[in-house]
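Engineer: Residue numbers (the working numbering): 272 to 512.
Here a beta-carbon is modelled for each residue, glycine too, at the ideal position from N, C-alpha and C.
Note that the structure is a prediction, hence the values are computed from the model and not measured.
#1: Can you tell me the Cα-Cα spacing of residue 412 and residue 397, whole angstroms?
#2: Which class does residue 414 belong to by DSSP, given the choice of helix, strand or coil?
#3: Note down, in chain order, each residue of its chain lying with its Cβ closer than 6 Å to the Cβ of residue 316, except the 5 sequence neighbours on either side.
#4: Is it true that the CB of residue 348 sits closer than 8 Å to the CB of residue 325?
#5: Among 480, 437, 443, which residue has its Cα nearest to the Cα of residue 454?
#6: Under 8 Å by Cβ, that's how I've got residue 430 and residue 371 pegged, so tell me the actual separation to the nearest angstrom.
#7: Tell me, to the nearest whole angstrom, how far the beta carbon of residue 390 is from that of residue 327; I am working on the premise that it is less than 8 Å.
#8: Decide if residue 382 is buried, meaning its Cβ has at least 16 other Cβ atoms within 10 Å, or exposed.
#9: Thinking C-alpha only, which one of 359, 289, 288 is nearest residue 395?
#10: For the alpha helix (DSSP H) holding residue 304, just list the boundary residues, first then last.
#11: Using a Cβ-Cβ cutoff of less than 8 Å, which residues in the same chain neighbour residue 492 once the five nearest sequence positions on both sides are dropped?
#12: For residue 498 and residue 468, what's the separation of their Cα atoms in angstroms?
#13: Looking only at its own chain, which residues have a Cβ that is under 7 Å from the Cβ of residue 401, when we skip the five neighbours before and after it?
#14: Closer than 8 Å by C-beta to residue 422: which residues in its own chain qualify, once you throw out the five before and the five after it? Chain order, please.
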């Protein structure tokens with residue numbers, strides 16, 4: 272287990288001991304930048320330390336750790352954590368760190384709720400960077416991150432509905448995101464399949480994956496207001512079932 276994961280998942284007593292022991296050996300000239308010096312001693316970036324401590328499930332009950340890191344309150348630490356998490360794009364926080372955070376957050380109702388609004392800002396920044404650079408490394412890490420958000424149980428219904436409403440996003444196709452959502456079972460497949468906001472190609476992929484039974488396709492084809500494009504796709508697919 273990495274130092275980052277050790278801090279992120281540490282029991283309260285172990286986290287306090289680790290931070291206190293590391294702080295005790297910091298350089299005397301490090302006053303005013305305690306957390307940066309502690310991060311250096313641990314071989315972490317400042318962003319890694321703040322996020323590992325900040326997403327630890329016990330941090331709200333450890334005011335001594337907050338003080339040792341040089342923050343006046345838990346809220347001040349949380350603000351720094353939120354800023355690092357939403358702004359950083361696989362630089363101070365590597366993809367392994369991000370995935371470890373999601374695994375931990377999925378077990379922690381308090382941080383899972385906070386994560387819902389952090390995700391919106393973080394993904395917006397990543398997607399803007401991808402559009403600006405078309406960087407293949409960022410795209411691959413982004414795909415891994417999104418699979419974790421849905422697959423590890425981080426996403427909640429409001430986040431999913433927000434993503435589904437964005438029908439013009441090219442990222443839905445890039446990720447095959449509707450399939451991810453169906454596989455996460457946050458929204459029933461039948462519900463998604465009957466939505467007009469789900470594109471015909473997205474529905475085709477669900478059928479190909481075997482997630483949509485024939486009777487559901489038939490019921491959708493019986494809809495009198497079905498668009499010609501969707502009808503064509505579904506009729507093609509039902510002949511193959």
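Structural biologist: For this structure:
#1: Residue numbering aside, residue 412 sits at position 141 when the chain shown is read from its first letter. Residue numbering aside, residue 397 sits at position 126 when the chain shown is read from its first letter. Cα to Cα, the separation comes out at about 10 Å.
#2: Mapped onto the chain shown, residue 414 falls at position 143. DSSP, read as helix, strand or coil, puts residue 414 in helix.
#3: Taking the chain shown and counting its residues from 1, the one referred to as residue 316 is at position 45. In its chain, beyond the 5 residues on either side, 363 have a beta carbon closer than 6 Å to the beta carbon of residue 316.
#4: Here residue 325 is taken as the residue at index 54 of the chain shown, counted from 1. Here residue 348 is taken as the residue at index 77 of the chain shown, counted from 1. It is a contact, given that the beta carbons lie within the stated cut-off.
#5: As a working mapping, residue 454 is identified with position 183 in the chain shown. Ranking the options by Cα distance to residue 454, first place goes to 480.
#6: Counted from its first residue, the chain shown places residue 430 at position 159. Counted from its first residue, the chain shown places residue 371 at position 100. No, residue 430 and residue 371 are not in contact; Cβ-Cβ is about 20 Å, not under 8 Å.
#7: Counting from 1 along the chain shown, the entry for residue 390 is found at position 119. Counting from 1 along the chain shown, the entry for residue 327 is found at position 56. Rounded to the nearest angstrom, the Cβ distance from residue 390 to residue 327 is 19 Å, too far for a contact under 8 Å.
#8: Locating residue 382 in the chain shown gives position 111, counting from the first residue. The residue is buried, with at least 16 neighbouring Cβ atoms inside 10 Å.
#9: In the chain shown, the residue the question calls residue 395 occupies position 124. The option with the nearest alpha carbon to residue 395 is 359.
#10: Within the chain shown, the letter at position 33 stands for residue 304. Looking at the DSSP string, residue 304 is not in any alpha helix (DSSP H), and its letter there is neither H nor E.
#11: Taking the chain shown and counting its residues from 1, the one referred to as residue 492 is at position 221. Cβ neighbours of residue 492 beyond the five flanking positions: 502, 505, 506, 509.
#12: Your numbering for residue 498 matches position 227 in the chain shown. Your numbering for residue 468 matches position 197 in the chain shown. Each residue's alpha carbon lies about 12 Å from the other.
#13: As a first step, residue 401 must be located in the chain shown, where it is residue number 130. Excluding sequence positions up to five before and after residue 401, its CB lies within less than 7 Å of the CB of 409, 410, 413, all in the same chain and listed in chain order.
#14: The residue you call residue 422 lines up with position 151 of the chain shown. Counting only Cβ-Cβ distances below 8 Å, and skipping sequence neighbours, we find 451, 454, 455.
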